[in-house]
Structures are given as structure tokens and as C-alpha cells.
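Engineer:
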Amino acid sequence: MKKYILLITVLLLSAVKMSAQVHLDKYNFGEGLNFSGDSGYSMRLQGYVQPYAEFKKAENDSDLYTRFRMRRLRLRLSGESADTKFSYRLQVDLSGSTEADTDEGSNNMLLDAFVTYDFSKNWSVSFGQKMTPTDNLELSMGSQTLQLPERSRLTSVFASIREFGLFFNGSYRLSGGDMYLKPAVAITNGDGMNVFDKDHGGFKYGGRLDFLPFGLFNKFGQYRQADIQRELTPKLLIGVNYSYNDGVSSRRGRNSGSILYLDDSNNEALPDYEKFGIDFLLKYQGFSLLGEFVKSNAYIDNSITQRVRTDGSVSSSFEVDGIQDVTNYIKNRMMLGQGYNVQAGYVFKNLWSVDGRYTHLEADKYSFLNNGAFYARPNYYTLGVTKYMGRNYGAKIQASMTYVDTAPEATNNDGELVNGNEWIGRLIFTVSF
338 MKKYILLITV LLLSAVKMSA QVHLDKYNFG EGLNFSGDSG YSMRLQGYVQ PYAEFKKAEN
398 DSDLYTRFRM RRLRLRLSGE SADTKFSYRL QVDLSGSTEA DTDEGSNNML LDAFVTYDFS
458 KNWSVSFGQK MTPTDNLELS MGSQTLQLPE RSRLTSVFAS IREFGLFFNG SYRLSGGDMY
518 LKPAVAITNG DGMNVFDKDH GGFKYGGRLD FLPFGLFNKF GQYRQADIQR ELTPKLLIGV
578 NYSYNDGVSS RRGRNSGSIL YLDDSNNEAL PDYEKFGIDF LLKYQGFSLL GEFVKSNAYI
638 DNSITQRVRT DGSVSSSFEV DGIQDVTNYI KNRMMLGQGY NVQAGYVFKN LWSVDGRYTH
698 LEADKYSFLN NGAFYARPNY YTLGVTKYMG RNYGAKIQAS MTYVDTAPEA TNNDGELVNG
758 NEWIGRLIFT VSF
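The sequence shown maps to residues 338 to 770 in my numbering.
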């Protein structure tokens, strides 16, 4: 904790020192503090808080589970050079929560830390830790701009979220119209974020290709969920993404070293993880529609003969259904299967919005998606309402109800079988500066 406090102190002192040398530009609520220097460089300081409440209950159970916490508390410092060729971003989260709010904990204080260089008219390269383009489209959208209180279950199951490596981003305007192609390529560590110790496995290779047939979205609407800007003409994005992780040491490549295997010589031997997705985003006059599909596969190294327990000891037992089965034992610990998420909403002119979502998950026969405590819930139906305090994301309050279909093996927080399907209520308040 002391090192985190020191990091924030240095960040704030640096901002204060720089602000004495630059001029504060016009401030718009929710859009950050913008500074510009006499030499032409610029800097932006942004942040937001999200207090959150959750209520969960099984249909035939009298017990009500409640949860109150700070969902996110983030501070971001970014800037660029006078010629805009060089830029940087540093972002931290003081809440202690994970972005996808799942079973895998991590050291998630540091979110973004990267520098970017625009080396041509159409391409830039970033080096450091940032969001990966190989996840589903929802992950490219800011957490303070979500149209429902929480991201979809598709995201929490399959997304690796942030990684460290090289990221190439391109943008091409096609001749004869407003059509755009946006390719992206990433070569990363494949171990997720904040890997300060040993890397496990090889690299992760992947990319994304987005096609925008009707031009660019207004005010970066591609990276926002609800159509709060009310696009005057239809805007559409169609994207595909793919990644191959050469040796994962976690369920989906989000963490480093949490699940390890060895060969006969006690050398690390890890499974590979492959993921493919397609998605789209449509916006027009307050209406938005987002659709996503993800499919994952695993390739098991035949040399694996041992597994490392959480206490560091080693075992050669890979028992599945009473027999030794190395391949399917390993698959049972990985996020394998497919799923899709469809959500739509409408923002009225009075800045109220009504939004709905349906998420479906289909686990492979051998997959951690069959785990009763965290998953074993194939369908999620959500209806939500949001009140925006202005035509930006400076402040908003959101509420939603989710109905969850539970599989027979689903369990509650006490490890007992769930008695019926589940209801989840959520309430979140967002304030940005």
C-alpha cells in the first residue's frame, strides 16, 4: 500500500508542477482538466468514481445477498507533444476491483502505462501496458460510458483486458467515400497486466480489423456505448478479432503463473489458448445496438506430466471422472466454449435511457465454464435505466435487473446448490471530472 500511495503522490506532484508551467484550457464537466504549454505540448488530467450496490437472490431462497463497494476509482494522466507524434498515458485504479469482476484476482492498481509514436499518416505504435485489441468490442469502450451498470458476462468470461507489449494501430479512409478500415496488431507477453515477476509461456499474437462503412462516429462514439450524442446519420462498425497465446498460465491468459504444468524434466509445459470473435456496433439518433460473438479453443502440450499445486508442490494426478486424463483435466481449468452478447438501448432527448441485454454462454464439455460457483449459468437477461446529468459522461445514475438461468450444478456463495434461477439488482452512480 505504501508504494501505491507514493505512486499517486508523485503523479499528483508532477501534475501540479507541470500545471505551473502551462495554461488551463476551457473546462467542460466530465471531460478532464486540459493544459497546454507555450511550446505547444498538452496534458490532460481525468478521473471518476463509481460507488456501487448489488443485490442477488435465488427464486426459491429467502436469503438476500448484498454487496456495497467502490466499483472504480480511477485517475488518468495523458499528454502529447507539440507535433502530436508522441503521446503517453498513465492510469491507476484505487478501488481494488477488477475490470471484469470475475473469479481471478490480480494486482490491478496500475491499469495503463504506455507511450505512443505516430510513425506515419496511417499507423501508430504503442509500447507498454494497455487494453488489447484482441478482445470483444465492449472492452474498447470506457468504463464510465457503459449503458448498463456492469459489463456483459461474455466480457468477464473471455476477455484478457490489459496486456504488456507492442500495439500497432492503423486507420485508412477508403477512396470514393467515407468508408474506413481500422486494423490493429498486438504482440504481448500473454500473461495479462502487471507482470513484475517471471513471464510464463511464450508470446501472444493477435489483431483486430474494424470496418466503418458510413464514416466515423461523432465524438469518439465508437468507444462509447449509448448514443448520447444522437448520431444524425447511421453509423456502423463491423469487426473481427483473433489471438493465439503460446503457453498460458491461467484460465484465459489474464494472469501470470496461477496455473502451471511441468514435463518429465520439471520444465514448464503449458497449453496454448486460441480465441476468435466477431462484433458490430450501430448508432442512430439515440438508438444503439451492440452484438458480439466469441469462441475459444485450447491446444494441450503432449509433454505435460505434472501439475503445480497452489502450495508449490507437484502432483502427477490428472483424474477426470475416475480415470487419468491429462488433456481434459487441463481443459477443465480453462475458459473454453463460445458465447454471444446482444444489447440495445435508446437515449431520449431528456437524457433518460432504457437499455436491454441478452447474454448466452455455451461451455465445452470440459471447461471451467461448468464450474458451479462462478459460472454454470448459460443465460442472462438484463433491463436497465439510466439518467444522464448532461450530454456527456460527467455524471449519471444507473439501475438494472438481471434474470439468470442457472444450470443444475450452479452453487451459491456458501457452496450449496442454487434453489431456482437468480435475480441480480444493481445500482451505480458515476461522477467524472
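Here a beta-carbon is modelled for each residue, glycine too, at the ideal position from N, C-alpha and C.
The alpha helix (DSSP H) spanning K668 covers which residue range?
Structural biologist: It spans 663-668 - the alpha helix (DSSP H) in which K668 sits, taken as one unbroken run.
Engineer: Determine the closest residue to Y717 out of N729, S704, M738, with distance taken between C-alpha atoms.
Structural biologist: Residue M738 is the option with its Cα nearest to Y717.
Engineer: Under the assumption that S580 contacts Y542 (Cβ atoms under 8 Å), give the Cβ distance between them as a whole number of angstroms.
Structural biologist: Their Cβ separation, rounded to whole angstroms, is 7 Å, which keeps S580 and Y542 in contact under 8 Å.
Engineer: With H, G and I counted as helix, E and B as strand and the rest as coil, what does DSSP make of T767?
Structural biologist: Strand.
Engineer: When DSSP labels each residue in this structure, what does V585 get in the three-state scheme?
Structural biologist: The answer is coil: DSSP assigns V585 none of H, G, I, E or B.
Engineer: Please go through the same chain and pick out, in chain order, the residues whose beta-carbon is closer than 8 Å to the beta-carbon of L503, but skip the five residues on each side of it.
Structural biologist: The residues are V462, S463, F464, A523, I524, T525.
Engineer: Rounded to whole angstroms, what's the CA-CA distance from N665 to Y725? Just pull it up for me.
Structural biologist: Going by the C-alpha atoms only, they are around 48 Å apart.
Engineer: Taking the alpha carbon of G539 as the reference point, which residue from P608, Q566, Q481 has its own alpha carbon closest?
Structural biologist: Of the candidates P608, Q566, Q481, the one whose C-alpha sits nearest the C-alpha of G539 is P608.
Engineer: In angstroms with no decimal places, state the Cα-to-Cα distance between H697 and T492.
Structural biologist: One C-alpha to the other measures close to 11 Å.
Engineer: V679 and F495 - do their beta-carbons sit closer together than 8 Å?
Structural biologist: Contact: no.
Engineer: Determine the closest residue to L518 out of G527, S508, S512, with distance taken between C-alpha atoms.
Structural biologist: For L518, the nearest C-alpha among the options comes from S508.
Engineer: Between F766 and R588, what straight-line distance do the alpha-carbon atoms span, to the nearest angstrom?
Structural biologist: Answer to the nearest angstrom: the Cα atoms are 31 Å apart.
Engineer: Whose CA, out of R763, E568, D583, T748, lies closest to the CA of F685?
Structural biologist: Looking at the Cα atoms, E568 is the closest of the given residues.
Engineer: Check N555 in the structure and name its three-state DSSP category.
Structural biologist: DSSP places N555 in helix when its eight states are reduced to three.
Engineer: Can you name the residues that DSSP bridges to Q566?
Structural biologist: Paired residues: none, contrary to the question.
Engineer: Just verifying my parser: in three-state terms, what is the DSSP assignment at S497?
Structural biologist: S497: coil per DSSP, three-state reduction.
Engineer: Taking 6 Å as the limit between beta carbons, can you name the residues of its chain near S418, skipping five residues before and five after?
Structural biologist: So the list reads Y378, once near-sequence residues are dropped.
Engineer: Return the residue from the list H360, R646, Y385, L382 that minimises the CA-CA distance to G374.
Structural biologist: Comparing Cα positions, the closest option is H360.
Engineer: Where does the unbroken beta strand (DSSP E) through H697 begin, and where does it stop?
Structural biologist: 689-700 is the span of the beta strand (DSSP E), which, as asked, contains H697.
Engineer: If you compare alpha carbons, which of N729, A450, D701, Y695 is closest to T719?
Structural biologist: For the residues N729, A450, D701, Y695, the minimum Cα distance to T719 belongs to Y695.
Engineer: Within the same chain, show all residues whose beta-carbon is closer than 7 Å to that of L401, passing over the 5 residues directly before and after it, in chain order.
Structural biologist: Within the same chain, L401 has close Cβ partners F392, K394.
Engineer: Below 8 Å on the Cβ atoms is my contact criterion, and I expect Q562 with L627 to pass it. Report the Cβ-Cβ distance as a whole number of Å.
Structural biologist: The pair is a contact, with the Cβ atoms about 7 Å apart (cut-off 8 Å).
Engineer: Starting from the C-beta of G667, find all residues in its chain whose C-beta is less than 6 Å away, skip the five residues before and the five after it, and write them out in chain order.
Structural biologist: It should be pointed out that residue 667 corresponds to Ile in this sequence rather than to Gly. Correct list, in chain order: P608, I637.
Engineer: Could you have a look at Q481 and say whether DSSP puts it in helix, strand or coil?
Structural biologist: Residue state, collapsed to three classes: helix.
Engineer: Does the beta-carbon of R646 have 16 or more other beta-carbons within 10 angstroms, so that it is buried, or is it exposed?
Structural biologist: Classification for R646: exposed.
Engineer: Just the C-alpha distance for G824 and D601, rounded to the nearest angstrom, thanks.
Structural biologist: Past the boundaries of the shown model lies residue 824; the chain is included only from 338 to 770, so the question cannot be answered.
Engineer: Does Q481 pass the burial test, meaning 16 or more other C-beta atoms within 10 Å, or should it be called exposed?
Structural biologist: Q481 should be labelled buried.
Engineer: If you compare alpha carbons, which of G590, A736, Y385 is closest to G762?
Structural biologist: The shortest Cα separation from G762 among G590, A736, Y385 belongs to A736.
Engineer: Going straight from the alpha carbon of L764 to that of G752, what length do you get?
Structural biologist: Whole-angstrom Cα-Cα distance: 26 Å.
Engineer: L546 and G576 - do their beta-carbons sit closer together than 8 Å?
Structural biologist: Taking 8 Å as the Cβ cut-off, G576 and L546 qualify as a contacting pair.
Engineer: So what does DSSP say about F505, is it helix, strand or coil?
Structural biologist: Residue state, collapsed to three classes: strand.
Engineer: Tell me the DSSP secondary structure of T642 in three-state form.
Structural biologist: Coil, per DSSP.
Engineer: In the DSSP assignment, find the unbroken beta strand (DSSP E) run with K467 in it and report its ends.
Structural biologist: Residues 460-468.
Engineer: Pick out whichever of G727, F551, P745 has its Cα sitting closest to the Cα of Y621.
Structural biologist: The option with the nearest alpha carbon to Y621 is F551.
Engineer: Y610: buried (16+ other C-beta within 10 angstroms of its C-beta) or exposed?
Structural biologist: Answer is buried; the Cβ neighbour count reaches 16.
Engineer: In the DSSP assignment, find the beta strand (DSSP E) that holds M380 and state where it starts and stops.
Structural biologist: Start and end: 379-395.
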